[in-house]
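When the letters of the sequence shown are read in order and numbered with our numbering, they come out as residues 137 to 456.
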Amino acid sequence: MYFPYIRGRQFDLLALRDLVEKNLLHEHIVPVIEPVSLSSTLVSTITQFNTKKHPLAIIQNPEVGSFSEEFGNFDGAIGNASRKLDFKAAMLQPAVLQALIMNNEAPGVLSDIVALGIQKQDILVVLNDRDMLKQYQNLFASDAPRYTIIPDEGTFRRNITENKVVLTDSFQRQERNADYNRREDESFSDIHLYYRDEGYVGFADYSIIGDSYNEVGFAPYAVAIHIVYPAIDKSLRVRHFVSDSNQDINNPAQKFYQALKKMVQWYEKNERVVPLTLGLKILLDHYQAQTYPGLGSLKKLTIMHHLELMGKLLDGGLSV
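Written out as structure tokens, the structure is:
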């Protein structure tokens, strides 16, 4: 089982929604969404997963973004009221796996979940704080959660023995996009090869975004495209394609095309070993048409590529 941990930004959610809508998200991929805002895209994504009867986990006590504030401080606006009601209704559908982060709010959140008639053994827990271990053990002394996501650290491995999922940050994020030029090709992950041997029931990561979260985006000097692909040893690697005209923030479309041209040239040389996913195909189509989808859509397409690739990996359909 693979659990991509996704912060619920617009284009991250759109990547998930597009994949599940087109039946391209493998049945053993369960996205874990930490909402960052009570957006219409969040609601429509959950609705689409429910329509397709594809499981996903929604964290009830997110630690980033403004979701908790927006959900708790209802301002009376008609649109917000409708969205809140839609979100509550969507959250009660069978496809949704209730989830929480082990923090100081966890006991209250768990009580609210149980009050809905949901059993402790039917929820997902994210435990990444050593100081929360005792609290976790007290809350789940008799009923272990369906899944507990933990870091790949000895303290957690020793104390969590049931239904544990290992979380790694596979993406080596750089401070500036231009810095990806320093290592154009690097290791991404091999956790899928050995997680069962170490007693885990699944593995999780932050896709090609990384754990870092920023509230506000910014116009980059450089555009970078990140493509995950399978290596000969069955591990995963990531290739970075960076624009050339990186002296200022002007003309992002030109920067995109510069990076995209490098990606296309690389793909044409490695077509045999790099699966043609929908996200990758759309990028190739943009190159042929010389169109610029915007940086948000670029992010969406690279996430789509990674997650569809993971589905092929879980199916055993990747060969090099």
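Just so it is clear, CB atoms sit at the ideal spot from N, CA and C, and this is done for glycine as well.
Residue i (DSSP reduced to helix, strand or coil)
{"i": "Gln234", "result": "strand"}
{"i": "Ala355", "result": "coil"}
{"i": "Ala340", "result": "strand"}
{"i": "Val456", "result": "Confidence at Val456 is low in this model, with a pLDDT of 49, below 50, so its placement is unreliable and the value that follows should be read with caution. Looking at Val456 - three-state DSSP - the assignment turns out to be coil, as it is neither helix nor strand."}
{"i": "Tyr272", "result": "helix"}
{"i": "Arg318", "result": "helix"}
{"i": "Lys189", "result": "coil"}
{"i": "Arg332", "result": "coil"}
{"i": "Ile214", "result": "Bear in mind that the predicted position of Ile214 carries a pLDDT of just 49, short of 50, making it too unreliable to give a figure here."}
{"i": "Arg294", "result": "helix"}
{"i": "Gln383", "result": "coil"}
{"i": "Gly201", "result": "coil"}
Start and end residues, alpha helix (DSSP H) containing residue i
{"i": "Ala151", "result": "Gln146 to Glu157"}
{"i": "Ser371", "result": "Segment: none, Ser371 is in no alpha helix (DSSP H) and carries neither H nor E."}
{"i": "Ser173", "result": "Ser173 -> no alpha helix (DSSP H), and no H or E assigned at all."}
{"i": "Leu303", "result": "Run containing Leu303: none in the alpha helix (DSSP H); it sits in the beta strand (DSSP E), Lys300 to Leu303."}
{"i": "Ala242", "result": "Ala242 to Ala251"}
{"i": "Tyr349", "result": "Where Tyr349 is concerned, there is no enclosing alpha helix (DSSP H), given that its DSSP letter is neither H nor E."}
{"i": "Gly415", "result": "Leu414 to Ala425"}
Residues that DSSP places opposite residue i in a beta bridge
{"i": "Phe377", "result": "Ile361"}
{"i": "Tyr138", "result": "Ile165 and Phe339"}
{"i": "Val262", "result": "Ile237 and Ile285"}
{"i": "Leu195", "result": "For the record, residue 195 in the displayed sequence is Ile; it is not Leu. According to DSSP, Ile195 bridges with Ala235."}
{"i": "Ser325", "result": "Leu372"}
{"i": "Leu449", "result": "Note: Leu449 sits in no beta bridge, so no partner."}
{"i": "Arg143", "result": "Glu170"}
Within 9 angstroms, strictly: CB atoms of residue i and residue j
{"i": "Tyr357", "j": "Gln394", "result": "no"}
{"i": "Phe276", "j": "Val301", "result": "no"}
{"i": "Ile169", "j": "Thr181", "result": "yes"}
{"i": "Met137", "j": "Tyr349", "result": "no"}
{"i": "Ile254", "j": "Leu236", "result": "no"}
{"i": "Lys256", "j": "Ile345", "result": "no"}
{"i": "Leu260", "j": "Asn295", "result": "no"}
{"i": "Arg375", "j": "Ser323", "result": "no"}
{"i": "Phe392", "j": "Ser371", "result": "no"}
{"i": "Asp258", "j": "Ser306", "result": "no"}
{"i": "His162", "j": "Met440", "result": "no"}
N-terminal and C-terminal residue of the beta strand (DSSP E) that residue i is part of
{"i": "Phe392", "result": "Looking at the DSSP string, Phe392 is not in any beta strand (DSSP E); the run it does join, the alpha helix (DSSP H), is Pro388 to Lys405."}
{"i": "Ile344", "result": "Element bounds for Ile344: n/a, residue is neither H nor E."}
{"i": "Lys256", "result": "Premise fails: Lys256 is in no beta strand (DSSP E) and is neither H nor E."}
Best match in the options for proximity to residue i [C-alpha to C-alpha]
{"i": "His362", "options": "Ser348, Ile368, Pro191 and Arg319", "result": "Arg319"}
{"i": "Arg293", "options": "Asn264, Asp326 and Met399", "result": "Asn264"}
{"i": "Gly201", "options": "Asp305, Arg143 and Ala355", "result": "Arg143"}
{"i": "Asp369", "options": "Leu396, His328 and Val400", "result": "His328"}
{"i": "Leu431", "options": "Leu420, Arg408, Ala355 and Val409", "result": "Ala355"}
{"i": "Leu437", "options": "Leu445, Tyr342 and Gly415", "result": "Gly415"}
{"i": "Val232", "options": "Asn239, Lys189 and Pro243", "result": "Lys189"}
Contact test: residue i Cβ vs the ligand MG heavy atom, cutoff 8 angstroms
{"i": "Thr413", "result": "Ligands in the displayed structure: none, and consequently the ligand MG is not present."}
C-beta neighbour in chain D for residue i, strict 9 angstroms
{"i": "Arg293", "result": "Among the chains in the structure shown there is no chain D, since it carries only a single protein chain."}
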